[in-house]
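Colleague:
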Amino acid sequence: MSQEENASQSQSQRLDQDQSGKPIVLGIESTCDETAAGIVQGGKLLANVVASSMDLHARFGGVIPEIASRAHAEAFIPVVRRALANANLDLSQIDAIAVSAGPGLAGCLAVGVSGAKSLALAAHKPIYGINHVIGHISVTQLQFGTIPPDTLALIVSGGHTSLLRVHDIAQDVRVVGTTLDDAAGECFDKIARLLGFPYPGGPYIDRHARVGNPNALKVPEGLTKGNAGKKHPYDFSFSGVKTAVARWVEERQQDGQQVPVDDVCASLAHSVADVLSGKAMRACAADHSSVLIVGGGFSANSQLRRALLEKGKAAGVEVRLPRRELCTDNGAMVAMLGSNLVEEGMPSSPLDFSIDSAMALNKIYMAPKAHVAQ
Ligand code: KG4
Ligand code: ZN
Numbered sequence: 000m001s002q003e004e005n006a007s008q009s010q011s012q013r014l015d016q017d018q019s020g021k022p023i024v025l026g027i028e029s030t031c032d033e034t035a036a037g038i039v040q041g042g043k044l045l046a047n048v049v050a051s052s053m054d055l056h057a058r059f060g061g062v063i064p065e066i067a068s069r070a071h072a073e074a075f076i077p078v079v080r081r082a083l084a085n086a087n088l089d090l091s092q093i094d095a096i097a098v099s100a101g102p103g104l105a106g107c108l109a110v111g112v113s114g115a116k117s118l119a120l121a122a123h124k125p126i127y128g129i130n131h132v133i134g135h136i137s138v139t140q141l142q143f144g145t146i147p148p149d150t151l152a153l154i155v156s157g158g159h160t161s162l163l164r165v166h167d168i169a170q171d172v173r174v175v176g177t178t179l180d181d182a183a184g185e186c187f188d189k190i191a192r193l194l195g196f197p198y199p200g201g202p203y204i205d206r207h208a209r210v211g212n213p214n215a216l217k218v219p220e221g222l223t224k225g226n227a228g229k230k231h232p233y234d235f236s237f238s239g240v241k242t243a244v245a246r247w248v249e250e251r252q253q254d255g256q257q258v259p260v261d262d263v264c265a266s267l268a269h270s271v272a273d274v275l276s277g278k279a280m281r282a283c284a285a286d287h288s289s290v291l292i293v294g295g296g297f298s299a300n301s302q303l304r305r306a307l308l309e310k311g312k313a314a315g316v317e318v319r320l321p322r323r324e325l326c327t328d329n330g331a332m333v334a335m336l337g338s339n340l341v342e343e344g345m346p347s348s349p350l351d352f353s354i355d356s357a358m359a360l361n362k363i364y365m366a367p368k369a370h371v372a373q
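Right, dumping it as structure tokens:
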């Protein structure tokens, strides 16, 4: 059994307590190219259904918002129905509905939020418009149990690379550092495109990196050294990485030379994993955090997972890495954050709440006006 499986098994044993008296929350996700519905009760996952429109975007090399929105409109009802059926529940047995209100693609968010509001109105249920990024942190509770107050979170997805301090998942999350330009996922996807991999290219780089030489090319480590490193101890920059690797590849392509794809992937992946894990561990040491939560689609990356587990072990930090199906966008993460809000007695969102495609990372959900001051 791997180190990862071992950690995950011993932690899931902590969740074997009875959750039957806890509220049941339906979570709906539609920020990008996944239409998803999850159902949780306390820390227990009852259903998790995901329909992806990724195949429809692959030939364009990136997500086309119009196509994604249409796919959400088609999949919304079937996905919610399947989640309820898998949990053996009907809508009347749900205690609350949560939906991602941002950040994400505006048209996609509008489909999920409107659908969720209609369900809430029809079934007389409270609704919570939640922050998708905070959902990526919250979902780890399904695997590892409650989040201690000294926790840091590293969120790495297609659009975000951020370090957050989680004082209270339902009420107080603060930004410690963030990317000043490209996110790690974005950088991987762009290099992958240049290497001829389909969208999204992150998983292809991961696979090829496993057999390549990580020292084959020198990849810059943005904001780690000198004054820039001192000024931005917990911020990230991946645009220099992207440009340097792209230039290296393009020069060889133009000269008609063969590009050593595995070595390019390994050098890129190891450099990015090193920067992300190094900054996260430094932030844990500075904040005396003994738990680091990792979330977002990029947290499925093997090189990052290994670097974090190794550095976490050396530093005495428990690294909470979600199982791969909980790393990428899903409804369980939305339901879990909804469950935290319900359990902490937070007031539900007003039915006229808006979507927020650029929702700030310290805004946990669309609270009623009187509750906005956090
Ligand atoms: O969180 P997510 O599912 O969607 C956003 O909210 O952005 O993250 C998607 C990102 C993509 O950039 C994808 O290439 C990347 O996560 N990704 C990976 C891996 N799996 C997904 N990147 C590197 N290695 C992976 N194994
Ligand atoms: Zn995401």
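Sequential numbering from 0 applies to the sequence shown in numbering that gives the first Met the number 0.
In this text, a Cβ means the ideal position worked out from N, Cα and C, and glycines have one as well.
These figures come from a predicted structure and were not determined experimentally.
#1: Specify the secondary structure class of Tyr374 as computed by DSSP and reduced to three states.
#2: Quick check on the DSSP output: the alpha helix (DSSP H) that includes Arg246 runs from which residue to which?
#3: What's the call for Glu28, buried or exposed, on a 16-neighbour Cβ count within 10 Å?
#4: So is Pro102 buried or exposed if we call it buried at 16+ other beta carbons inside 10 Å?
#5: With a threshold of 16 other CB atoms inside 10 Å of the CB of Ile254, please say whether the residue is buried or exposed.
#6: Below 6 Å CB to CB, which residues in the same chain sit around Cys283 once its five sequence neighbours on both sides are set aside?
#7: Note down the Cα distance separating Ser19 from Phe187, rounded to an integer number of angstroms.
#8: According to DSSP, is Glu4 part of a helix, a strand, or is it coil?
#9: By DSSP, does Gly294 sit in helix, in strand, or in coil?
#10: Taking Cβ positions, are Leu350 and Leu120 nearer each other than 8 Å?
#11: Check the DSSP bridge columns for Val24 and list the partner residues they point to.
#12: Tell me the rounded alpha-carbon separation between His135 and Val175.
#13: Between the C-alpha atoms of Leu307 and Ala313, what's the straight-line distance to the nearest angstrom?
#14: Could you tell me which residues DSSP puts in a beta bridge with Ser161?
#15: What does the alpha-carbon distance come out to for the pair Ala70 and Asn226?
#16: So the candidates are His370, Cys326, Ser353, Ser347; which of them puts its Cα closest to the Cα of Ile133?
#17: Is Ala357 buried or exposed, if buried means 16 or more other CB atoms sit within 10 Å of its CB?
#18: Verify whether the separation of the beta carbon atoms of Tyr203 and Gly61 is less than 8 Å.
#19: In angstroms, rounded to a whole number, what distance separates the CA positions of Ser353 and Asp286?
#20: Taking Val218 as the reference, give the member of Ser266, Pro22, Val260 with the closest Cα.
#21: Quick one: using the 10 Å Cβ neighbour count with 16 as the cut-off for buried, is Ser117 buried or exposed?
#22: Answer yes if the segment 26 to 44 comes into contact with the segment 63 to 77, meaning at least three C-beta pairs across the two stretches below 8 Å, and no otherwise.
#23: Measure the CB-CB distance between Val49 and Val333 and report whether it falls below 8 Å.
#24: Just the Cα atoms here: how many angstroms apart are Gln8 and Leu320?
#25: Pro346 CB to nearest chain B CB: under 8 Å?
#26: Do Pro232 and Arg281 have their beta-carbon atoms positioned less than 8 Å apart in this structure?
#27: Quick check: does the Cβ of Phe196 come within less than 7 Å of any heavy atom belonging to the ligand KG4?
#28: Going by the CB atoms, is the gap between Ile96 and Ala109 shorter than 8 Å?
#29: With His159 and Gly277 assumed to form a contact (beta carbons below 8 Å), what rounded beta-carbon distance in angstroms separates them?
#30: Could you tell me the distance, in whole angstroms, from the CA atom of Ile205 to the CA atom of Ala279?
#31: For the ligand GDP, I want to know if Gly330 counts as a neighbour, meaning its beta carbon is within less than 7 Å of at least one of the ligand's heavy atoms.
#32: For Phe237 versus Ala299, is the C-beta spacing smaller than 8 Å?
#33: Taking all protein chains shown into account, do 16 or more other C-beta atoms lie within 10 angstroms of the C-beta of Ala169, making it buried, or fewer, making it exposed?
#34: Sort out for me which residues DSSP pairs Arg319 with in a bridge.
Modeller: With the given structure in hand:
#1: Shown here, the chain extends from 0 to 373; a query on residue 374 therefore has no answer.
#2: Taking the sequence shown and counting its residues from 1, the one referred to as residue 246 is at position 247. Start and end: 238 to 253.
#3: Your numbering for residue 28 matches position 29 in the sequence shown. Glu28 is buried by the Cβ-count criterion.
#4: Mapped onto the sequence shown, residue 102 falls at position 103. Buried is the call here.
#5: For the purposes of this step, residue 254 is identified with residue 255 of the sequence shown, where counting begins at 1. Per the sequence shown, residue 254 should be read as Asp rather than Ile. The residue is exposed, with fewer than 16 neighbouring Cβ atoms inside 10 Å.
#6: Counting from 1 along the sequence shown, the entry for residue 283 is found at position 284. Answer for Cys283: Leu151, Leu291, Val316, listed in chain order.
#7: For the purposes of this step, residue 19 is taken as residue 20 along the sequence shown, with counting starting at 1. For the purposes of this step, residue 187 is taken as residue 188 along the sequence shown, with counting starting at 1. Distance between the alpha carbons of Ser19 and Phe187 is about 42 Å.
#8: Residue 4 sits at position 5 when you count from the first residue of the sequence shown. Its pLDDT being 49, under 50, Glu4 is placed unreliably in this model, and the value from its coordinates should be taken loosely. Three-state result, Glu4: helix.
#9: Start at 1 with the first residue of the sequence shown, and residue 294 comes out as number 295. Strand at Gly294.
#10: As a working mapping, residue 350 is identified with position 351 in the sequence shown. As a working mapping, residue 120 is identified with position 121 in the sequence shown. Yes, Cβ-Cβ distance for Leu350 and Leu120 is below 8 Å.
#11: Position 25 of the sequence shown, counted from the first residue, corresponds to residue 24. Answer is Val39, Ala95.
#12: One-based indexing of the sequence shown puts residue 135 at position 136. One-based indexing of the sequence shown puts residue 175 at position 176. C-alpha separation (whole angstroms): 17 Å.
#13: The count along the sequence shown starts at 1 and reaches residue 307 at position 308. The count along the sequence shown starts at 1 and reaches residue 313 at position 314. Each residue's Cα considered, the two are about 10 Å apart.
#14: On the sequence shown, residue 161 is found 162 positions in, with the first residue counted as 1. Paired residues: Ile154, Thr177.
#15: Here residue 70 refers to the residue found at position 71 when the sequence shown is read from its first residue. Here residue 226 refers to the residue found at position 227 when the sequence shown is read from its first residue. So the two alpha carbons sit approximately 47 Å from each other.
#16: Locating residue 133 in the sequence shown gives position 134, where the first residue counts as 1. Here the closest residue by C-alpha is Cys326.
#17: Mapped onto the sequence shown, residue 357 falls at position 358. Exposed, because fewer than 16 other Cβ atoms sit within 10 Å of the Cβ of Ala357.
#18: Locating residue 203 in the sequence shown gives position 204, counting from the first residue. Locating residue 61 in the sequence shown gives position 62, counting from the first residue. The answer is no: Cβ separation not under 8 Å.
#19: Position 354 of the sequence shown, counted from the first residue, corresponds to residue 353. Position 287 of the sequence shown, counted from the first residue, corresponds to residue 286. Between Ser353 and Asp286, the C-alpha separation is close to 35 Å.
#20: As a first step, residue 218 is located in the sequence shown; it is residue number 219 there, counting from the start. Measuring from the Cα of Val218, the nearest candidate turns out to be Ser266.
#21: Position 118 of the sequence shown holds residue 117. Ser117 should be labelled exposed.
#22: yes
#23: Here residue 49 refers to the residue found at position 50 when the sequence shown is read from its first residue. Here residue 333 refers to the residue found at position 334 when the sequence shown is read from its first residue. In this structure, Val333 does not lie closer than 8 Å to Val49 by Cβ.
#24: In the sequence shown, counting from the first residue as 1, residue 8 sits at position 9. In the sequence shown, counting from the first residue as 1, residue 320 sits at position 321. With a pLDDT of only 45 at Gln8, under 50, the local geometry of the prediction cannot be trusted, and the value read off the model is given with reservation. Cα to Cα, the separation comes out at about 12 Å.
#25: Among the protein chains of the structure shown there is no chain B, as only one such chain exists.
#26: For the purposes of this step, residue 281 is identified with residue 282 of the sequence shown, where counting begins at 1. For the purposes of this step, residue 232 is identified with residue 233 of the sequence shown, where counting begins at 1. In this structure, Pro232 lies closer than 8 Å to Arg281 by Cβ.
#27: Translated into the one-based positions of the sequence shown, residue 196 becomes position 197. No, the beta carbon of Phe196 sits no closer than 7 Å to any heavy atom of the ligand KG4.
#28: Against the sequence shown, residue 109 aligns to sequence position 110. Against the sequence shown, residue 96 aligns to sequence position 97. Result no, Cβ atoms of Ala109 and Ile96 do not sit closer than 8 Å.
#29: Translated into positions along the sequence shown, residue 159 becomes position 160. Translated into positions along the sequence shown, residue 277 becomes position 278. About 18 Å; that fails the 8 Å criterion.
#30: In the sequence shown, the residue the question calls residue 205 occupies position 206. In the sequence shown, the residue the question calls residue 279 occupies position 280. Correcting the residue identity first, residue 205 is Asp in this sequence and not Ile. Spanning the two alpha carbons is a distance of roughly 20 Å.
#31: No copy of the ligand GDP appears in this structure; the ligands present are the ligand KG4 and the ligand ZN.
#32: Counting from 1 along the sequence shown, the entry for residue 237 is found at position 238. Counting from 1 along the sequence shown, the entry for residue 299 is found at position 300. Contact flag unset, no.
#33: For the purposes of this step, residue 169 is taken as residue 170 along the sequence shown, with counting starting at 1. Buried is the call here.
#34: Position 320 of the sequence shown, counting from 1, holds the residue named residue 319. Answer by DSSP bridge pairing, in chain order: Ile292.
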